Every structure is written in C-alpha cells, then in structure tokens.
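Single-structure report; data block below.
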Amino acid sequence: MSKIMAVNSGSSSLKFQLFDMPAEKVLTSGNIERIGLEMGIFGINVNGEKISKEVPVPNHEVAVKLLLEALVEYGIVKDLSEIEAAGHRIVQGGPYFSDSVAVDDDVIAKVTEMISLAPLHNAAHLVCYEAFKKALPDIKHVFVFDTAFHQTMGPESYIYPVPYEWYEELKVRKYGAHGTSHKYVAQRTADIMNKDIRGLNIITLHLGSGASISAIKEGKVINTSMGLSPLGGIMMGTRCGDIDPTVVYYVQKKKGYTPDEMETFLNKKSGMLGISGISSDSRDVEAAMKQGNERAKLTYDLYVNKVINIVGGYVMQLGHVDVLTFTAGLGEHATNVREMICKKLEEGLGLKVDYELNAKTHSEMEISTPDSKVRVFVVPTNEELAIVRDTVRILGL
Numbered sequence: 006m007s008k009i010m011a012v013n014s015g016s017s018s019l020k021f022q023l024f025d026m027p028a029e030k031v032l033t034s035g036n037i038e039r040i041g042l043e044m045g046i047f048g049i050n051v052n053g054e055k056i057s058k059e060v061p062v063p064n065h066e067v068a069v070k071l072l073l074e075a076l077v078e079y080g081i082v083k084d085l086s087e088i089e090a091a092g093h094r095i096v097q098g099g100p101y102f103s104d105s106v107a108v109d110d111d112v113i114a115k116v117t118e119m120i121s122l123a124p125l126h127n128a129a130h131l132v133c134y135e136a137f138k139k140a141l142p143d144i145k146h147v148f149v150f151d152t153a154f155h156q157t158m159g160p161e162s163y164i165y166p167v168p169y170e171w172y173e174e175l176k177v178r179k180y181g182a183h184g185t186s187h188k189y190v191a192q193r194t195a196d197i198m199n200k201d202i203r204g205l206n207i208i209t210l211h212l213g214s215g216a217s218i219s220a221i222k223e224g225k226v227i228n229t230s231m232g233l234s235p236l237g238g239i240m241m242g243t244r245c246g247d248i249d250p251t252v253v254y255y256v257q258k259k260k261g262y263t264p265d266e267m268e269t270f271l272n273k274k275s276g277m278l279g280i281s282g283i284s285s286d287s288r289d290v291e292a293a294m295k296q297g298n299e300r301a302k303l304t305y306d307l308y309v310n311k312v313i314n315i316v317g318g319y320v321m322q323l324g325h326v327d328v329l330t331f332t333a334g335l336g337e338h339a340t341n342v343r344e345m346i347c348k349k350l351e352e353g354l355g356l357k358v359d360y361e362l363n364a365k366t367h368s369e370m371e372i373s374t375p376d377s378k379v380r381v382f383v384v385p386t387n388e389e390l391a392i393v394r395d396t397v398r399i400l401g402l
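Written out as structure tokens, the structure reads:
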C-alpha cells in the first residue's frame, strides 16, 4: 500500500487529496485558500467532517507546512514518512510533454520556460513543488500536465493562421487545457459502456467556471476548444472565449485601456458575468432568468449557442459521434444547461434524452433513451484520482 498526495495549486490556493493506493481510497482532502493575504482559510476533511479555520498563510511554504502538520495532528498518518510520492497538476506543458513525467532538472526548466504562457498557474505550481520538496525531501514527484492529453492533435487543429514564425519562435499554437479531466472522463465513459475506448468517438464537455470541449477519436484528442491559454474556446464564467481579435484593439483605442486592463476585462469581467451583469455563477443567472431577466436569458442562449457550434464542428471532424459526456460544475449540476444543449442537438445528431431523468441527475448516469443514435452521459470528473493514478504508473509504485 502506498500513500500518494495529489496536489492542485493555484496562485493563492492549494487543493489536496491523500490517497491510499492501489485501493484508491481517499484518506483526506482539503483546500488552503487566500495564500499571501493577511489571513488564509485552511480546510481539511477528517473522517467525513470538514474542519475549517482562519490562519495566517503568507506563502505556499507555510501552506504545505500547515497541511503536513494537520495530517499528523488528526491521525491521518502516524508519520510523514508514510507518504511515498506527490503528483502535481501543471497547467501548461507546452509542446514538450505528451504524458506525465517524473520530475527532474530538465522538466523543471521546461515548465519554467512555459511560465510565459500560463504566468499565474505555472509559477504557482513550481513554488508549491519546491515547498513540498523542502518539507518532504525523500519523496518522489510527478508532474501531470493539463496539456498532455491534447498533444495528439494534428497541426490542422493546433496551428493558428498567423505568421508561421510566431509558432516557430514563440510557440504560439493551440495547447488546450483540462486534459487530465477530459482523459479521465472519456475513459470512464468507455468503461461504463463496457467498450474499448479505441473503438469510440467521444465528445467530452467539461463545463465549469472554466470550460472546454474535446473531440476524442479512438482514445486520442483530435481537437479541443481552449487555445494558447485557458481564455480561448467557448464563453465561460468570466472569460470571453473566442472573439474577433479586432474587438480587443478597437476597445483599447476607444477607451484608452492598457493591455493589462484589457486582459482583466477578457479574463475576469466577460463571459456569463459580462453578459448577465449579475454573476459568473450559472445558478444565479438561472434564478434571474426564471424571474424574467432578459440579459440572464440572453446569457444562457449565448452560452448554449457557443457550445453547439463547437460540438457541431467536432461532429464533422470526427465523422460520427458515439457518445457525448458532460462533466465539471455546470456539466454535472446545471440540468437546465444540459437540457438546452441537448435539445439543440436533437435533430442534427438523432439524439434523444430522458429530460425527466436529466432534471434530477447530478451524478454518474446515462441520460439518453435506448433509441437515441448518440448516447449521452453525465460523468463527474476526478482529476485528483487521475493525477494519483499517473503518479503510480510513472513511478512504478
């Protein structure tokens, strides 16, 4: 039995799960938020009870120290030497990694190089890795890349129609994101269907505050909606997704915004929040829509339209589709969004859904009817389990 830590760090947060492998038993999970602010929030699950407290967390090193001390304090481990390895989520691996890898100096150098493509994420991942390395100097580490699963795309899918030297010199291309989730959900869907994934064409819809859609042919990604960064693709909670680039410099000139201000607008003030003027949370938007708010209704209509345009294109690229799978926050719980998307796809795909079942489904379930030409599933994602599985596989534990 091996105890493996799954680490998902952000610029001001640290999510974690400790697994007992190969049983895949979650021993504990939690989240440390507001790292770097005056007071942080430390939460950990102990025997089914969530313990939360405010504590100073000035940096990731302190966050890791708090986490490891809590593991011993609450009896989750008797000694930290029981932890054999840690798997770390890395948002951007660039063109270098098509699989998870054991960490060495060359890997660190490449992830550092990719900070320019994911400045908030990659830098935080490395800081957190160094904190774990310092606190647990004897354990092994694996980096699991959000971009790795998408490396099977062909150049017709990942090259942008801009000067080619931008690709050669600056590595400007589509990389995608959420790859760990798309991979897990696609394989889980195949397992539920009792099918070999190599015989299936799957479209996975990871719909959350960040959202992406992937076309998976015989187990390999042939296209995905996010681009150079997580800003591309469909509209999201606060991100605009794909827009005419002219919008950026037109508004910048007219309003006198700086590039940094424009980046903030597109990343943090657009999407559902920008259109509705209410919230980035689909639950708030749906509540307003039910009360007759026209901008809330427009937000949902726009969101659904963006999704079906991507799905429709992927259907043509795949040739045919065997299954659609919804996952992540909206995909798993926003039943009205699922219904709106599926109804728009009914005629084109010969899709039939049990909408009464859909309305009460928030867990793993097939929601299509037996006579549907395309099967439809809801499959909760589990990126932490995927990270730990890769860590065990790469290290041979």
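In terms of the numbering used here, the sequence shown has 270 at position 265, counting the first letter as 1, and numbering is strictly consecutive. Here a beta-carbon is modelled for each residue, glycine too, at the ideal position from N, C-alpha and C. Being a predicted model, the structure only gives us computed values, none of them experimental.
{"Item": "Write down the C-beta distance between A293 and S275 rounded to the nearest angstrom, noting that I regard them as a contact closer than 8 Å.", "Value": "At roughly 18 Å, the Cβ-Cβ gap does not stay under 8 Å, so A293 and S275 are not in contact."}
{"Item": "Let me make sure I understand the geometry here. Which of E371, E337, K378 and N341 has the alpha-carbon closest to that of G355?", "Value": "K378"}
{"Item": "Could you give the uninterrupted runs of the beta strand (DSSP E) lying entirely in the region 317-342, keeping only those of 3 residues or more?", "Value": "328-332"}
{"Item": "Counting Cβ pairs, one atom from each stretch, are 3 or more of them under 8 Å apart for the region 55-65 and the region 108-124?", "Value": "no"}
{"Item": "Tell me the rounded alpha-carbon separation between Y365 and N310.", "Value": "Note that residue 365 corresponds to Lys in the displayed sequence, not to Tyr. Going from the Cα of K365 to the Cα of N310 covers about 23 Å."}
{"Item": "The ligand FMN and A68: does any heavy atom of the ligand fall closer than 6 Å to the residue's C-beta?", "Value": "Of ligands this structure carries none, so the ligand FMN is not represented either."}
{"Item": "To the nearest angstrom, how far is it from the Cα of L131 to the Cα of H325?", "Value": "41 Å"}
{"Item": "Please list the terminal residues of the continuous alpha helix (DSSP H) segment that includes D395.", "Value": "E388 to L400"}
{"Item": "Measuring alpha carbon to alpha carbon, tell me which residue in H93, N272 and K302 is nearest I283.", "Value": "K302"}
{"Item": "Which value, in whole angstroms, describes the spacing of the CA atoms of L19 and T263?", "Value": "31 Å"}
{"Item": "Are the region 103-113 and the region 34-50 in contact at 8 Å, needing three or more beta carbon pairs?", "Value": "no"}
{"Item": "From H126 to P375, what distance separates their C-alpha atoms?", "Value": "43 Å"}
{"Item": "Can you look up L306 in the DSSP assignment and give me helix, strand or coil?", "Value": "Leu is not the amino acid found at residue 306; the sequence shown has Asp there. In the structure shown, D306 sits in a helix (DSSP, three-state: H, G or I)."}
{"Item": "Just grab the DSSP bridge partners of S275 for me.", "Value": "Per DSSP, none; premise fails for S275."}
{"Item": "With 16 as the cutoff for other CB atoms within 10 Å, does H367 come out buried or exposed?", "Value": "exposed"}
{"Item": "Taking all protein chains shown into account, decide if E352 is buried (16 or more other Cβ within 10 angstroms of its Cβ) or exposed.", "Value": "exposed"}
{"Item": "Does the region 170-179 come into contact with the region 323-337, if we say contact requires no fewer than three beta-carbon pairs (one atom in each stretch) closer than 8 Å?", "Value": "no"}
{"Item": "Give the secondary structure of M345 by DSSP, where H, G and I count as helix, E and B as strand, and everything else as coil.", "Value": "helix"}
{"Item": "Leaving out the 5 sequence neighbours to the left and right, which residues in its chain are closer than 8 Å to I315 when beta-carbon positions are compared?", "Value": "I218, S230, G238 and I239"}
{"Item": "Would DSSP call I283 helix, strand or coil?", "Value": "coil"}
{"Item": "Check D151 in the structure and name its three-state DSSP category.", "Value": "coil"}
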